[in-house]
Amino acid sequence: MTESLLEVRDLEKHFYERDTLVDRALGGEPVSIQAVDGVSFDVREGETLGLVGESGCGKSTCGETLLRLQDPTGGTVRFDGEDVLDLSGDDLRSFRRNAQVVFQDPFSSLDPRMTVGATVRQPLDVHSVGTKAERTERVCELLERVGLSSDQYDRYPHEFSGGQRQRIGIARALALEPDFIVLDEPTSALDVSVQAQILNLLSDLQDEFDLTYLLISHDLSVIRHISDRVAVMYLGELVEVGPVADIFESPKHPYTQALLESVPRASTDERDREIETLSGDVPSPRNPPSGCRFRTRCPSVIPPEDVTIDQREYRQIMDVRERIESREVDLDSAWEYVADEQPSSGGSSLRSLLGDDVREDPFRERHAEAFVDRLEERMLDVELSGSHAQTVRSALHELCYEDWEGAASILAEEYESVCEVVSPALQDDRTHPVACHLYDQPDSVTANVADADVSAPVGDTVRTDGAESD
Amino acid sequence: MPRDLLSVRDLTTRFFTQEGQVNAVEKVSFDVEEGEVLGIVGESGSGKSVTALSLVDLVEDPGRIVTGEINYRNSELAESASENAPDAVDGDFVDVRKLPERHRRALRGPDFATIFQDPASSLNPSLPVGEQIAEAVEVQRRASANPRSTRSRTQSYGLGKFLLGTALPGQGYLTEESKARAIELLELVGIPDPAERAEALPHEYSGGMLQRAMIAQALAGEPELLIADEPTTALDVTIQAQILDILGDIQEETGMTILLITHNLGVIARMCDRVGVMYAGEIVERGSLEDVFDNPVHPYTQGLLGSIPDLESAGGRLQPIEGNVPSLLDQEMEDRCYFADRCPNAMEECLEKPPEFPGPGSPDHAAKCYLADHPYEPEQALPEDYFDDESSDTTVGRDDGKDDASGEGVSADD
Ligand code: SF4
Ligand code: SF4
């Protein structure tokens, strides 16, 4: 097997936010944003590892941190055997020569007052490579190599198109003959016809100069096109890593599956392709979900073993729980609705109907059923069967008296999932590891599951992947 | 037999910049059928967004619609306009460009609604989202409550705006019904707990939620035509899938007509019945989705489809379109096929502007390319370096990148 050029272990980058005046006045704890939270992967010599994820998942922070453009808050990064985070002086300089970056935005990453020649030459100047004449010659070579012309040496960035500017960025990254380049959304600002030119150029350069790439992108087609292996990131964590064909043809993690399904294909069959869209938004990295971070949207979230339930119903109940736990249910409007429905009372006198001591309130008492009906109607898209409908109604009933905790605990007791209690992890002995409780998990995770006394899938329900361990 | 709701003829929009005249949209003609989703696809600088803005009269200085007709089928409007703008009327169609400006603007909302890539352009940051949607509901209510005469419609619309904008600042919803309708609309577009979210300000919404709110606002007017310009471009793919789903469902339920403008061929394939492909300000190929995707004749369409990396199969070399988007500066544009300098099949005759020829597919299929008329003639091929002198100069100041916000209208699109 090819050697790893880059080894990233438990890389962590937390930002601390305590910006607003109110925060400071209250002297509250700074909020930490877990942009990258314990990410481990290798990039092998000569390969392209694609790092894919949606905005805010931490993929760009990950790239910047491992290049030491930002300081990590934890973890290690080894490049060619050396600990990058420990480097200083000459060693750091030589790392910086060897590991380059190409950014998304060829407009803001180029200094508008510097000619193209000076831009590409700058790294050579900084590292005092050769004589001035040699540097100039090298720049001309580089410009030609990336498909520009050496006549354009004295032109300024604004005179170039987006694709040409990206070529300038690439020439600059190549100037010091690096082994490794982080490509951070290199074609996201470009039109598709120009993107194709740049992707072809990048793969030619890789062959010619034996480059190793870490390609960071949100665009799955681009990732598929030039990666050898792919790592999928969600909310600061890796959820699945594997060879490109495996990831795209037999994705394992429910998030990867949903991501792939979501991409609209440019083909005439597309209209008839059924897709199950994910519900909800990506949660905030300020307050990521416990356990598996994908569990708030996961269509396969795992019900407790002793509960027999249709998967869609379970997903629905988990959404209801989420809303109750975050108190995102508008109770007033439900009461207003109920009051409006009453022939005698009329909506305007609702306030007088609802006394201060809600438990004693005869109106609430009398109309509890109607209120629960209304909440059900508003909150449930999927009809629940038998006992599940009963349990959910009894929880919603607690909301008549604004007992949020009571409602939450009724549901938590019945429906607590292993996915919310124990974080899944990537198995480190696999070519295609996946962090999900649907698959057999590393011993450390299994031990946590046992400690937490939640039921995890066992026996037949576990999807093992014996064939591929290596 | 579907009827045309909108029939655009020779629409030409130019920008008069310091560098010169930019021909952003050049004699564009197309029809939008009632109840269909028509897609317009193109890269930056193709003129697709300027086309959208032209339809709703939102082209900003130094841009101007120079010529063209925007014929809108609406018999009531035609009837009332025959009094005060008889020139504009042709049967059931009204050329909205010939209506007095105030009347034309009154069509925005109840007749033509827009959603854009950036919700900030449609939502006021300092008003609760629900209130803004309720406003749109009110405008629609007034429009449909009044007899459909241009005069009274415009007056009521103007009055409504006046009341909402000045007389009742911060008074919240005008009526309980419009508030209730706003909440219904928020629910329809998939916003959880809409009653509560209606009270929130736009910045309290996530990107995907804001996009939904903008759709709700557009739907509030119960528009005849929804113009969606890159409605999902700023969104992550899982959210994009949700939004396309919602748009598709609403379209199916209400039979609303949609003009969808995007650079994303996948989005076009998912949503559209018919497609027009724009390049350098012109529609260069049009037809059914099948015509354009499975049987394209214009080398630009072919190139565009060939440049997308395939999600379903592994690498291999992409077939990019060489070169860059041409200048749209009038003084640099020659009277030839605008794609000739990048076209692998450019021939002598292409130095003369090709007319639109019928294509080999459905009756709707057509392309502005000689290859739609007769096969490629190798002996006619232009020498490979034919455009070289020109391009070494003209690539300068050109743009093929998307974020040329600073392009000062040189690439007037996006
Ligand atoms: S661990 Fe549970 S919630 Fe997370 S992806 Fe797997 S099944 Fe879904
Ligand atoms: S008209 Fe000629 S140059 Fe233009 S696209 Fe067709 S073949 Fe190419």
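Those protein sequence lines, which keep their order, are chains A and B. Following the numbering used here, the numbering of the first sequence begins with 1 at its first residue and continues without gaps. Following the numbering used here, the numbering of the second sequence begins with 1001 at its first residue and continues without gaps. Yeah, the Cβ is synthetic: ideal placement off N, Cα and C, and Gly gets one too. Just so you know, these numbers come straight off a predicted model, no measurement behind them.
Take the Cβ of residue i as the centre, count every other Cβ of all protein chains shown within 10 Å, and call the residue buried at 16 or more, exposed below.
{"i": "L49 of chain A", "result": "buried"}
{"i": "A157 of chain A", "result": "The residue you asked about is not Ala; residue 157 of chain A is Pro in the sequence shown. Buried, since its Cβ has 16 or more Cβ neighbours within 10 Å."}
{"i": "A133 of chain A", "result": "exposed"}
{"i": "D381 of chain A", "result": "exposed"}
{"i": "D10 of chain A", "result": "exposed"}
{"i": "N1324 of chain B", "result": "buried"}
{"i": "A1120 of chain B", "result": "exposed"}
{"i": "E405 of chain A", "result": "exposed"}
{"i": "R273 of chain A", "result": "exposed"}
{"i": "V126 of chain A", "result": "exposed"}
{"i": "G1063 of chain B", "result": "buried"}
{"i": "E1379 of chain B", "result": "exposed"}
Got a sec: does ligand 2 put a non-hydrogen atom nearer than 6 Å to the Cβ of residue i?
{"i": "Y1415 of chain B", "result": "Absent from the model: residue 1415 of chain B. The displayed extent of chain B is 1001 to 1414, so no value can be given."}
{"i": "C436 of chain A", "result": "no"}
{"i": "P1354 of chain B", "result": "yes"}
{"i": "N1345 of chain B", "result": "yes"}
{"i": "C292 of chain A", "result": "no"}
{"i": "V178 of chain A", "result": "In the sequence as displayed, the identity of residue 178 of chain A is Pro instead of Val. No; taking the cut-off as 6 Å, the Cβ of P178 of chain A has no heavy atom of ligand 2 nearer than that."}
{"i": "C298 of chain A", "result": "no"}
{"i": "F1357 of chain B", "result": "no"}
{"i": "A1381 of chain B", "result": "no"}
{"i": "P1320 of chain B", "result": "no"}
{"i": "F41 of chain A", "result": "no"}
{"i": "P1420 of chain B", "result": "No answer is possible for residue 1420 of chain B: the residues shown for chain B start at 1001 and end at 1414."}
{"i": "F1339 of chain B", "result": "yes"}
{"i": "C140 of chain A", "result": "no"}
Residues in the same chain with beta-carbon distance under 6 Å from residue i, minus the five sequence neighbours each way, listed in chain order, please.
{"i": "G1415 of chain B", "result": "Since the displayed chain B opens at 1001 and closes at 1414, residue 1415 of chain B lies outside it and no answer follows."}
{"i": "A1372 of chain B", "result": "V1297, F1357 and G1359"}
{"i": "T2 of chain A", "result": "R44 and E45"}
{"i": "L214 of chain A", "result": "V43, L49 and V182"}
{"i": "D465 of chain A", "result": "Summary for D465 of chain A: the model assigns pLDDT 49, below 50, so the residue's position carries little reliability; its value from the coordinates is reported in the next sentence. Once the five neighbours on either side are set aside, D465 of chain A has no close Cβ partner at all."}
{"i": "Y1072 of chain B", "result": "L1006, V1094 and V1096"}
Say the cut is 6 Å; is the CB of residue i nearer than that to a heavy atom of ligand 1?
{"i": "G289 of chain A", "result": "The sequence given here places Pro at residue 289 of chain A; Gly does not occur at that position. P289 of chain A: no, Cβ never under 6 Å from ligand 1."}
{"i": "R295 of chain A", "result": "yes"}
{"i": "P442 of chain A", "result": "no"}
{"i": "C419 of chain A", "result": "yes"}
Near residue i, what residues of its chain come up, given a Cβ to Cβ distance below 7 Å and the 5 sequence neighbours on each side ignored?
{"i": "L1163 of chain B", "result": "Its pLDDT being 41, under 50, L1163 of chain B is placed unreliably in this model, and the coordinates cannot settle the point."}
{"i": "V282 of chain A", "result": "E54, G56 and L235"}
{"i": "F95 of chain A", "result": "F79, V84 and L87"}
{"i": "D154 of chain A", "result": "T115 and G117"}
{"i": "R271 of chain A", "result": "none"}
{"i": "S1149 of chain B", "result": "Low local confidence applies: a pLDDT of 42 at S1149 of chain B is under 50, so the model's placement there is unreliable, with the coordinate-based value given in what follows. Correct list, in chain order: S1080."}
For residue i, write down the residues that DSSP places opposite it in a beta bridge.
{"i": "P1358 of chain B", "result": "B:A1366"}
{"i": "T1013 of chain B", "result": "B:V1025 and B:I1065"}
{"i": "K472 of chain A", "result": "Residue numbering for chain A in the displayed model covers 1 to 470; residue 472 of chain A lies beyond these limits and cannot be assessed."}
{"i": "P123 of chain A", "result": "Partner(s): none; P123 of chain A has no beta bridge."}
{"i": "N1071 of chain B", "result": "B:S1007 and B:D1095"}
{"i": "S4 of chain A", "result": "A:R44"}
{"i": "Q100 of chain A", "result": "A:I181"}
{"i": "M1278 of chain B", "result": "B:I1283"}
{"i": "Y213 of chain A", "result": "A:T48 and A:I181"}
Cutting at 8 Å between CB atoms, please list the residues of its own chain near residue i, excluding the five before and the five after it.
{"i": "D310 of chain A", "result": "S385"}
{"i": "Q197 of chain A", "result": "G147 and G163"}
{"i": "L1304 of chain B", "result": "V1041, E1043, L1265, V1277 and I1321"}
{"i": "L1201 of chain B", "result": "P1125, S1126, L1127, P1128 and V1129"}
{"i": "R1270 of chain B", "result": "L1244 and G1248"}
{"i": "Q1331 of chain B", "result": "G1020 and Q1021"}
#### Entry: chain A contacts from the region 1203 to 1222 of chain B (Cβ-Cβ distance under 9 Å)
Only those residues of the region 1203 to 1222 of chain B whose C-beta falls short of 9 Å from the nearest C-beta of chain A are listed: S1206, G1207, G1208 and M1209.
### Query
Quick one, which residues of the region 1266 to 1281 of chain B are near chain A if we go by CB-CB under 7 Å, in chain order?
With the criterion set as a beta carbon lying under 7 Å from some beta carbon of chain A, the members of the region 1266 to 1281 of chain B are G1266, V1267, A1269 and R1270, in sequence order.
### Interface positions of the region 249 to 279 of chain A facing chain B (Cβ-Cβ less than 7 Å), listed along the chain
For the region 249 to 279 of chain A, the beta-carbon criterion of a distance under 7 Å to any beta-carbon of chain B is satisfied by A258, L259, S262, V263, P264, R265, A266, S267, T268, E270, R271, I275, T277 and L278.
### Task
Could you name the residues of the region 51 to 79 of chain A whose beta carbon sits closer than 8 Å to any beta carbon of chain B, in the order they occur along the chain?
So the close ones are E54 and S55.
### Query
Listed in chain order, which residues of the region 219 to 233 of chain A have Cβ atoms closer than 7 Å to some Cβ of chain B?
Listed by position, the residues of the region 219 to 233 of chain A near chain B (Cβ gap below 7 Å) are L220, S221, V222, R224, H225 and I226.
### Task
Give, in chain order, every residue of the region 1280 to 1294 of chain B whose Cβ lies closer than 8 Å to some Cβ of chain A.
Residues of the region 1280 to 1294 of chain B with a C-beta less than 8 Å from any C-beta of chain A: L1289, E1290, F1293 and D1294, listed in chain order.
### Query
Relative to chain B, which residues along the region 317 to 333 of chain A have a C-beta separation below 9 Å, given in chain order?
Within the region 317 to 333 of chain A, contact with chain B at the beta-carbon level (separation under 9 Å) is assigned to D319, R323, E328, V329, D330, D332 and S333.
### Query
Residues in the region 1228 to 1257 of chain B with C-beta within 8 Å of chain A's C-beta atoms, listed in sequence order?
Of all residues in the region 1228 to 1257 of chain B, D1236, V1237, T1238, I1239, Q1240, A1241, Q1242, L1244 and D1245 have a Cβ within less than 8 Å of some Cβ in chain A.
### Message
Against chain A, which members of the region 1314 to 1348 of chain B pass a CB distance test of less than 8 Å?
### Response
Contacts with chain A (Cβ-Cβ distance below 8 Å) from the region 1314 to 1348 of chain B involve A1314, G1315, R1317, L1318, Q1319, P1320, I1321, E1322, N1324 and V1325, listed in chain order.
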